[in-house]
Amino acid sequence: MKARMLIVWAVASCLSLSLLACGGDDDDDEQTDWSDWEGGCEEDSEFDIAAETSWQWQLTESIDTSVDVEVYDVDLFEVSQSVIDELHADGRFVICYFSAGTWEEWRDDADDFPEEAVGNTMEEWDDEKWLDVRSEEIRSLMQDRLDVAVSKGCDGVEPDNMDGYLSDNNSGFDFDGYDQLDYNQYIAEQAHERGLSVGLKNDVDQLVELEPCYDWALNEECFAYDECHRYEPFVEAGKAVFHVEYVDKKADGEDLADDVCGDPAVEGFSTLIKDWDLTSWLIACD
Numbered sequence: 000m001k002a003r004m005l006i007v008w009a010v011a012s013c014l015s016l017s018l019l020a021c022g023g024d025d026d027d028d029e030q031t032d033w034s035d036w037e038g039g040c041e042e043d044s045e046f047d048i049a050a051e052t053s054w055q056w057q058l059t060e061s062i063d064t065s066v067d068v069e070v071y072d073v074d075l076f077e078v079s080q081s082v083i084d085e086l087h088a089d090g091r092f093v094i095c096y097f098s099a100g101t102w103e104e105w106r107d108d109a110d111d112f113p114e115e116a117v118g119n120t121m122e123e124w125d126d127e128k129w130l131d132v133r134s135e136e137i138r139s140l141m142q143d144r145l146d147v148a149v150s151k152g153c154d155g156v157e158p159d160n161m162d163g164y165l166s167d168n169n170s171g172f173d174f175d176g177y178d179q180l181d182y183n184q185y186i187a188e189q190a191h192e193r194g195l196s197v198g199l200k201n202d203v204d205q206l207v208e209l210e211p212c213y214d215w216a217l218n219e220e221c222f223a224y225d226e227c228h229r230y231e232p233f234v235e236a237g238k239a240v241f242h243v244e245y246v247d248k249k250a251d252g253e254d255l256a257d258d259v260c261g262d263p264a265v266e267g268f269s270t271l272i273k274d275w276d277l278t279s280w281l282i283a284c285d
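Reminder that position 60 of the sequence shown reads as 59 in numbering that gives the first Met the number 0, one-by-one numbering, no gaps.
Structure, rendered in structure tokens:
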């Protein structure tokens, strides 16, 4: 899920719970067994992004094109064609962000979504609602968004909100983890059919099953939640794990970087320290 502001009471509650509830150690942090899922992808490295590729993630404000990195991740709908062209001219690989799992009221295509496939409001985001990923109309609309990515010259896409099946998200629909796996596979296949590289955003509990479908991964705060070890399938496959840890105040960035950068938990990752608004500000772990 996209960046969420830290809530003090949630942190306090987590401290009072058991290690299992808040991440715990590796022995308690077992991944759900999805081995009876009937779907799946054959491994294909054509669109892979290599491990430890440098990157910048900026979804708000005017894009600063001067950051010396190999990959830029920008908002599909907000980024101008001229910025994409400039990034390409500078040799950058351009990933375009869009939400594949939620309805966003400010998007140009918001009126195209069928009412029956738009569910509950996302926590902390009053202008976003979960989508029913089983809907053929929703899948068709996501094809349209992928077509926009192609028309703008995006090299890859970052589909967000790919874990609506989790009970904590309270989507308003009764789809389960298997429906989510099918949908996430569908999005990856549709991206590849259009010649786009595609990354798996979060959805930590389904990494093993979906790694063959996806060309790289993007994670928010696995270090904070003691989940970075779960990305071993992507690391072992030589695929990039674009990783972000957040600070409330930019002044705290260096201290967080001292804690995160160089830690064995993020070995093989492309780690950034970012602000919650995902402006141009960053600290990159070398």
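Glycine is no exception: its CB is placed at the ideal position from the N, C-alpha and C atoms.
Whose CA, out of Glu208, Glu253, Glu45, Leu58, lies closest to the CA of Pro232? Selected option, being the one with the closest Cα: Glu208.
Member of Asp125, Asp107, Glu123 whose CA lies at the smallest distance from the CA of Arg144: Asp107
Just to check my reading of the structure: Met161 and Leu130 have Cβ atoms closer than 8 angstroms, yes? What is that Cβ distance to the nearest angstrom? 11 angstroms between Cβ atoms; not a contact.
C-beta neighbour in chain B for Asn201, strict 8 angstroms: Although the question refers to chain B, the structure presented lacks it and comprises just one protein chain.
State the start and end residues of the unbroken beta strand (DSSP E) segment that holds Glu157. 155 to 159
Straight-line gap, Asn183 to Glu219 (C-alpha atoms, nearest Å): C-alpha separation (whole angstroms): 18 angstroms.
Are Glu157 and Asp126 touching if we call contact CB-CB under 8 angstroms? no
Spatial distance of Ser34 from Glu42 (CA atoms): 17 angstroms
For Lys273, which beta-bridge partners are listed by DSSP? Tyr245
Environment of Asp285 [buried if 16+ CB atoms lie within 10 Å]: exposed
Could you check whether Gly237 and Ala109 sit closer than 8 angstroms to each other, using their CB atoms as the reference points? Pairing Ala109 with Gly237 gives a Cβ-Cβ distance that is not under 8 angstroms.
Spatially closest choice to Ser44 from Thr101, Phe241, Gly194, by CA coordinates: Out of Thr101, Phe241, Gly194, the CA that lies nearest to the CA of Ser44 is found in Gly194.
Out of curiosity, what's the CA-to-CA distance linking Thr52 and Ile62? 20 angstroms
Alpha carbon to alpha carbon, what distance is there between Lys151 and Arg91? 14 angstroms
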